[in-house]
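Protein chains in written order, with our numbering: chain A, 928 to 1054; chain B, 834 to 1064.
Built from N, CA and C at the ideal position, the CB exists for glycine as well.
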Amino acid sequence: MSETHDRVEQFKQEISEMKVKDPATGRDRVWLRVGVALMVVGLGVAVAAYFPSHAGNDLEQRDAIVMALGGLAATVVGSALFLRYSLAGFLRFWLARFVYEQQAQTDRLLGAGPEKSPQEGLPRLNG
Amino acid sequence: MNLLELREIRAGYDRIDVLFGIDLVVPEGSVVALLGPNGAGKSTTLRVAAGLHPPTAGDVLVAGRRVNGVPPEELARRGLCLIPEGRGIFPNLTVRENLRMMSYTGVKLADIEERAFDRFPRLGERIVQTAGTLSGGEQQMLAMARGLATDPALLLLDELSMGLAPIIVEELYEIVAQVAREGVSILVVEQFASTVLGVADYAAILVHGRVARVGRPAELADDLSEAYLGA
């Protein structure tokens, strides 16, 4: 019994030390939006950099190249963030659906198969 | 101390409200039965308590700490275990593989198996059998064995008796009583009250998403027929 008491005390301790995220902040959603924003802005910056890149001045051209590379980098980072936070949600549902379909498929197979022996729980042919 | 406390919980699915301000406590070391007719909101209450379903209002407190928004896996890792309705086992894996799935908690498979087969010797005889081919009672035993393998401090049981013969249900509730004697706090949801009331310290009757009555099992016996039949 004291072992269980220790377990309960440990449980209380762990719960009290747990970092509770404020659900109102919705950090995942914020990062998803940041990802989308970076993708769009980065692409915009890269396209905008195209025009000054035609300048005759070498320095201006270099600035434009740096700007374009920065924009592309922002797009890549944004895409990564977007994939990370949208795929996590999608895969969670996909896994749940997969498990459910497996369960349904097994139920169908069992329903179509031989009867089970109530004593042994093992398959038994009718008759 | 209350190991679980639900305060003014409201919850629903899409626009349909299911719970309308549930207040419920599970004191440390006790068994609380949540009874009520089909559709009363019992399973939703358990899902809210386990962190699987977000409440639209109200607070969920575990060991005195507000845990709204905490992912269910975080609560499970610390010792809150839900054994869901429909058992939640992997039907296409063997008994051993199902048990092995619990080793992610850091417990060795040998220890998990020892605990499981001590309580459910029948599972030991079926170790290489695919879980989907077990009888309903054995599947429920496997679900319980997996849950108990995590060494929970707070156990949530959903419709243990669903689809099982009365003799198997009695056998399972003997195990529940044994687990409760070991000091694990339990909240058990049941539609069929007679067996669970023999194990519970307290019971609550849920009707139309509201707690209609709370008390000792003996005090509630008369209210049950009214709750179920609306008489």
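(1) On the criterion of 16 or more Cβ atoms from any shown chain inside 10 Å, does residue 871 of chain B qualify as buried, or is it exposed?
(2) List the residues of chain B whose Cβ lies closer than 7 Å to the Cβ of residue 1033 of chain A, in chain order.
(3) For residue 1009 of chain B and residue 1032 of chain B, what's the separation of their Cα atoms in angstroms?
(4) Rounding to the nearest angstrom, what Cα-Cα distance links residue 930 of chain B and residue 922 of chain B in this structure?
(5) Please decide whether residue 1009 of chain A counts as near chain B, where near means a Cβ-Cβ distance under 7 Å.
(6) If you measure between the beta carbons of residue 962 of chain A and residue 1005 of chain A, is that distance less than 7 Å?
(7) Leaving out five residues before and five after residue 976 of chain B in sequence, what residues of the same chain have Cβ atoms less than 7 Å from its Cβ?
(8) Under a three-way DSSP split, which group does residue 884 of chain B fall into?
(9) Between the stretch 967-985 of chain A and the stretch 996-1003 of chain A, do at least 3 Cβ pairs fall closer than 8 Å?
(10) Where does residue 949 of chain B land, buried or exposed, given buried means 16+ other C-beta within 10 angstroms?
(11) Locate the beta strand (DSSP E) running through residue 1018 of chain B, then write down its first and last residues.
(12) Against chain B, does residue 938 of chain A count as a neighbour if the rule is that its beta carbon must be under 7 Å from one of theirs?
(13) Take every Cβ of the stretch 1011-1022 of chain B, pair it with every Cβ of the stretch 852-862 of chain B, and state whether three or more of those distances are shorter than 8 Å.
(14) Just reading off the alpha helix (DSSP H) that residue 1012 of chain B is part of, what are its end residues?
(15) When DSSP labels each residue in this structure, what does residue 985 of chain B get in the three-state scheme?
(16) Once you ignore the five residues that flank residue 935 of chain B on each side, which residues in its own chain have a CB closer than 7 Å to its CB?
(17) Check residue 934 of chain A in the structure and name its three-state DSSP category.
(18) Taking 7 Å as the threshold (beta carbon to beta carbon), is residue 943 of chain A in contact with chain B?
(19) Quick one: what's got a C-beta closer than 7 Å to residue 904 of chain B's C-beta in the same chain, skipping five residues either side?
(20) Count the CB pairs spanning the stretch 873-880 of chain B and the stretch 989-1006 of chain B that are closer than 8 Å, and state whether there are at least three.
(21) Given that a residue counts as buried once 16 or more other Cβ atoms are within 10 Å of its Cβ, and exposed if not, what is residue 1022 of chain B?
(22) Starting from the C-beta of residue 965 of chain B, find all residues in its chain whose C-beta is less than 7 Å away, skip the five residues before and the five after it, and write them out in chain order.
(23) Going by DSSP, name the residue or residues bridged to residue 844 of chain B.
(24) Locate the alpha helix (DSSP H) running through residue 1039 of chain B, then write down its first and last residues.
(25) Could you check what DSSP says for residue 927 of chain B in three-state terms: helix, strand or coil?
(26) Rounding to the nearest angstrom, what Cα-Cα distance links residue 1016 of chain A and residue 1051 of chain B in this structure?
(27) Suppose you measure from the CA of residue 996 of chain B to the CA of residue 960 of chain A; what does that come to, to the nearest Å?
(28) Assign residue 1038 of chain A to one of three DSSP states: helix, strand, or coil.
(29) What residues of chain A sit near residue 911 of chain B, judged by a beta carbon separation below 8 Å?
(30) Kindly indicate if chain B contains any beta-carbon less than 7 Å away from that of residue 1019 of chain A.
(31) Are the C-beta atoms of residue 957 of chain A and some chain B residue less than 7 Å apart?
(32) Within the continuous beta strand (DSSP E) that includes residue 891 of chain B, where are the two ends?
(33) Taking the continuous beta strand (DSSP E) assigned at residue 873 of chain B, which residues delimit it?
(34) Examine the Cβ distances between the stretch 1027-1046 of chain B and the stretch 849-856 of chain B and report whether three or more of them are shorter than 8 Å.
Once the coordinates are examined:
(1) Start at 1 with the first residue of the second sequence, and residue 871 of chain B comes out as number 38. Under this definition residue 871 of chain B is an exposed residue.
(2) Within the first sequence, numbered from 1, the residue matching residue 1033 of chain A stands at position 106. Correct list: 924, 925, 965.
(3) Within the second sequence, numbered from 1, the residue matching residue 1009 of chain B stands at position 176. Within the second sequence, numbered from 1, the residue matching residue 1032 of chain B stands at position 199. Each residue's Cα considered, the two are about 8 Å apart.
(4) Within the second sequence, residue 930 of chain B is the residue found at index 97, counting from 1. Within the second sequence, residue 922 of chain B is the residue found at index 89, counting from 1. About 10 Å.
(5) On the first sequence, residue 1009 of chain A is found 82 positions in, with the first residue counted as 1. Chain B contact via Cβ: absent.
(6) On the first sequence, residue 962 of chain A is found 35 positions in, with the first residue counted as 1. On the first sequence, residue 1005 of chain A is found 78 positions in, with the first residue counted as 1. It is a contact, given that the beta carbons lie within the stated cut-off.
(7) Taking the first residue of the second sequence as position 1, residue 976 of chain B is located at position 143. Counting only Cβ-Cβ distances below 7 Å, and skipping sequence neighbours, we find 916, 920, 921, 922.
(8) Numbered from its first residue, the second sequence carries residue 884 of chain B at position 51. Of the three classes helix, strand and coil, the one that applies to residue 884 of chain B here is coil, per DSSP.
(9) yes
(10) Taking the first residue of the second sequence as position 1, residue 949 of chain B is located at position 116. Buried, since its Cβ has 16 or more Cβ neighbours within 10 Å.
(11) Taking the second sequence and counting its residues from 1, one reaches residue 1018 of chain B at position 185. Counting along the chain, the beta strand (DSSP E) containing residue 1018 of chain B begins and ends at 1018-1023.
(12) Numbered from its first residue, the first sequence carries residue 938 of chain A at position 11. Judged by the 7 Å Cβ criterion, residue 938 of chain A is in contact with chain B.
(13) yes
(14) Here the question's residue 1012 of chain B lines up with position 179 in the second sequence. That run of the alpha helix (DSSP H) goes 999-1014.
(15) Stepping through the second sequence from its first residue, residue 985 of chain B is reached at position 152. Coil, per DSSP.
(16) On the second sequence, position 102 is the one that residue 935 of chain B refers to. Only 945, 979, 982, 983 meet the Cβ criterion.
(17) Counted from its first residue, the first sequence places residue 934 of chain A at position 7. Of the three classes helix, strand and coil, the one that applies to residue 934 of chain A here is helix, per DSSP.
(18) For this step, residue 943 of chain A is matched to residue 16 along the first sequence. Chain B contact via Cβ: present.
(19) Sequence index remark: in the second sequence, residue 904 of chain B carries index 71 (1-based). Excluding residues within five positions, the ones whose Cβ falls inside 7 Å are 884.
(20) yes
(21) In the second sequence, counting from the first residue as 1, residue 1022 of chain B sits at position 189. Looking at its Cβ environment, which holds 16 or more other Cβ atoms inside 10 Å, residue 1022 of chain B is buried.
(22) Taking the second sequence and counting its residues from 1, the one referred to as residue 965 of chain B is at position 132. Correct list, in chain order: 924, 925.
(23) Numbered from its first residue, the second sequence carries residue 844 of chain B at position 11. Paired residue(s): B/852.
(24) If you number the second sequence from 1, residue 1039 of chain B lands on position 206. Element bounds for residue 1039 of chain B: not the alpha helix (DSSP H) but the beta strand (DSSP E), 1035-1040.
(25) Translated into positions along the second sequence, residue 927 of chain B becomes position 94. Residue 927 of chain B falls in the strand class under three-state DSSP.
(26) Here the question's residue 1016 of chain A lines up with position 89 in the first sequence. Here the question's residue 1051 of chain B lines up with position 218 in the second sequence. Spanning the two alpha carbons is a distance of roughly 46 Å.
(27) If you number the second sequence from 1, residue 996 of chain B lands on position 163. If you number the first sequence from 1, residue 960 of chain A lands on position 33. Cα to Cα, the separation comes out at about 46 Å.
(28) Position 111 of the first sequence, counting from 1, holds the residue named residue 1038 of chain A. Residue 1038 of chain A falls in the helix class under three-state DSSP.
(29) Here residue 911 of chain B refers to the residue found at position 78 when the second sequence is read from its first residue. Chain A residues near residue 911 of chain B: 938, 941, 942, 945.
(30) Counted from its first residue, the first sequence places residue 1019 of chain A at position 92. So, not an interface residue.
(31) Position 30 of the first sequence, counting from 1, holds the residue named residue 957 of chain A. Output row for residue 957 of chain A: interface = no.
(32) Here residue 891 of chain B is taken as the residue at index 58 of the second sequence, counted from 1. Run containing residue 891 of chain B: 890-895, per the beta strand (DSSP E) assignment.
(33) For the purposes of this step, residue 873 of chain B is identified with residue 40 of the second sequence, where counting begins at 1. Counting along the chain, residue 873 of chain B falls outside any beta strand (DSSP E), and DSSP gives it neither H nor E.
(34) yes
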